[in-house]
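Written below as structure tokens is the structure these notes are about.
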Amino acid sequence: MQLIDFIMNVDRHLAQLVNQFGNWSYVILFLIIFVETGAVILPFLPGDSLLFAAAALAANQNSRLNFWILFILFLTAAVGGDSSNFFISKHLNQWLQTKAWFHKFVKPEYLTQAQEFFDKHGGKAIALGRFIPIIRTFVPFVAGSGALSYGRFLHYNIIGSLIWVSMCLICGHLFGNLPFVQEHFSLIVLGIIFISVLPAIIGFFKSKRTAE
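Rendered as structure tokens:
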């Protein structure tokens, strides 16, 4: 419940975080984005909405956050998180598959969806998956367990992360402080989440129709 509250009211909690921790907030924000994909087992951490809210807060002249520092930190966290995920899978996948605790955190259907997404799009799935919650956590893991080289993986990783971070931060900077957005931020977050998962929903129903 606390995680849901944080996601739905990320703007308010982020402001409290910055006021309490000051410049250490950058470290906390970096870790959240890094861990979302880097730790494999925590796909539910806020990504898109956190970037949007951070950029909106940085646009406020009284804020302690700097837009360009956020850009560099989030880009590094996104690229580093996916790379960490890739190498965890490459070197520890077989060992993890034997651990009951791993399967409690990582549902087989998530890996199956990520594998199907990767099989359909190939290396491009790394970049495309960055825009889809859940999928973006498990596509790097699937890629790491296959024959994809890290050089090719990194190419798509950088492209996807660069576009994702840029879009989220620019949108947050331009629209985050509009009175309508501030008054209905929870609805905006729901909208961001819905738009993010829409491709996965469409893909799911397409696959169901194909199976029939």
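Each residue of the sequence shown is one higher than the one before, counting from 3 in my numbering.
Glycine included, each C-beta is placed from N, C-alpha and C at the ideal position.
- prompt: In or out: valine 141 buried (at least 16 other Cβ within 10 Å) or exposed?
  reply: buried
task: Using 10 angstroms around the beta-carbon of valine 12, count the other beta-carbons present and answer buried if the total reaches 16, otherwise exposed.
output: buried
query: Can you name the start and end residues of the alpha helix (DSSP H) that isoleucine 172 belongs to?
result: 152 to 177
- prompt: Given leucine 72, which residues of its chain have a CB within under 7 Å of its CB, disregarding the five upstream and five downstream residues?
  reply: Ala56, Ala57, Ala60, Leu171
message: Between the alpha carbons of phenylalanine 76 and histidine 15, how many angstroms are there, rounded?
response: 18 Å
- request: Can you tell me which of the three DSSP states threonine 100 falls into?
  value: coil
message: Using only the alpha-carbon positions, how far apart do glycine 131 and arginine 138 sit?
response: 5 Å
- prompt: Can you tell me where the alpha helix (DSSP H) with phenylalanine 216 in it begins and where it stops?
  reply: The shown model of the chain, from 3 to 214, leaves out residue 216, and the question about it has no answer.
field: glycine 162 versus Gly49, Lys122, Val81, Ile43, residue with shortest Cα-Cα distance
entry: Val81
task: Leaving out five residues on either side along the sequence, give the residues of the same chain with a beta carbon under 8 Å from the beta carbon of histidine 175.
output: Ala57, Ala58, Ala60, Ala61, Phe69
query: Is it true that the CB of valine 144 sits closer than 7 Å to the CB of glutamine 115?
result: no
- request: In angstroms with no decimal places, state the Cα-to-Cα distance between lysine 101 and phenylalanine 107.
  value: 11 Å
query: How would you label serine 147, buried or exposed, when you count the other beta carbons within 10 angstroms and need 16 or more for buried?
result: buried
query: Can you round the beta-carbon distance between phenylalanine 119 and alanine 79 to whole angstroms, since I take them to be within the 8 Å contact cut?
result: Phenylalanine 119 to alanine 79, Cβ: 22 Å. No contact.
message: Suppose the cutoff is 8 Å on Cβ atoms and the five residues either side in sequence are ignored; what does the same chain contact list for leucine 52 look like?
response: Val12, Leu16, Leu31, Ile34, Ile35
message: Need the endpoints of the alpha helix (DSSP H) that glycine 131 sits in, please.
response: 126 to 131
field: Buried versus exposed, by CB contacts within 10 Å (16 or more), leucine 98
entry: buried
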